[in-house]
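**Q**
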Amino acid sequence: MSSSNTAPISISKDITFVLTVKVYIDPSQTNEFFALFKPAYESVLAEPECRFFIVNTTQEPRCISWVEGWSKDVQWFMAEQMTKSYYQPYLSKTEGMFIKPREFEFHTPQEGMCHFKLPLPQID
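Here the numbering used here is used: the first residue of the sequence shown is 76, the next is one more, and so on.
#1: Can you name the start and end residues of the beta strand (DSSP E) that Y99 belongs to?
#2: Do you know offhand how far E170's Cα is from R177's?
#3: The alpha helix (DSSP H) with P164 in it runs from where to where?
#4: DSSP state of T132, grouped into three classes?
#5: Going by DSSP in three states, S140 sits in which element: helix, strand or coil?
#6: Looking at C-beta atoms only, is the number of pairs between the segment 178–187 and the segment 94–101 that lie closer than 8 Å three or more?
#7: Let's test the definition: count the other Cβ atoms within 10 Å of the Cβ of T132 and tell me whether it reaches 16, buried, or not, exposed.
#8: For N143, count neighbouring C-beta atoms within 10 Å of its own C-beta (all shown protein chains included) and say buried if the count is 16 or more, exposed if not.
#9: On the CB-based measure, 16 or more other CB atoms within 10 Å of its CB, does T91 come out buried or exposed?
#10: Between W145 and E117, what straight-line distance do the alpha-carbon atoms span, to the nearest angstrom?
#11: State the Cα-Cα distance for the pair S78 and I198, rounded to the nearest angstrom.
#12: Do L111 and K168 have their C-beta atoms closer together than 7 Å?
#13: When you compare only the Cα positions, how much space is there between E102 and R137?
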């Protein structure tokens, strides 16, 4: 461990795949998009198979991206997760906002190269 107050945590045995998604919307619709996105985000994050969910607004003002880590495989995700009813309000109301097609990719973590460094609590 380094002298900093962080500890690397290996998650490669618990992450089966990582999903990255990008959507492109008019910047004037960002607040409306996130109002519709947040309930789905909170529901997904509460799923026991979801290991992390990170939302990022990129350098491109029309692009919103996110990353999800899952403990089950892609086949399970498509058959079981993506069919959950809480996606429908988000999908039905936001897809019309997209100014270009949604982009998504599935990634498999490389063994031994899937770590997080989290701050350690200060002990006084």
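Think of the CB as a built atom: it goes at the ideal place given N, C-alpha and C, for glycine as much as any other residue.
**A** Quick look at the numbers:
#1: 92–100
#2: CA-to-CA, the gap between E170 and R177 works out to about 9 Å.
#3: Element bounds for P164: 162–169.
#4: strand
#5: strand
#6: yes
#7: With fewer than 16 neighbouring CB atoms inside 10 Å of its own CB, T132 falls in the exposed class.
#8: The sequence given here places Glu at residue 143; Asn does not occur at that position. Answer is buried; the Cβ neighbour count reaches 16.
#9: buried
#10: 15 Å
#11: Unreliable positioning characterises S78 in this predicted model, as indicated by a pLDDT of 46, which lies under 50. The coordinate reading is nonetheless provided below. The straight-line gap from Cα to Cα measures roughly 15 Å.
#12: yes
#13: For the sequence presented, residue 102 should be read as Pro rather than Glu. One Cα belongs to P102, the other to R137, and the distance between them is close to 6 Å.
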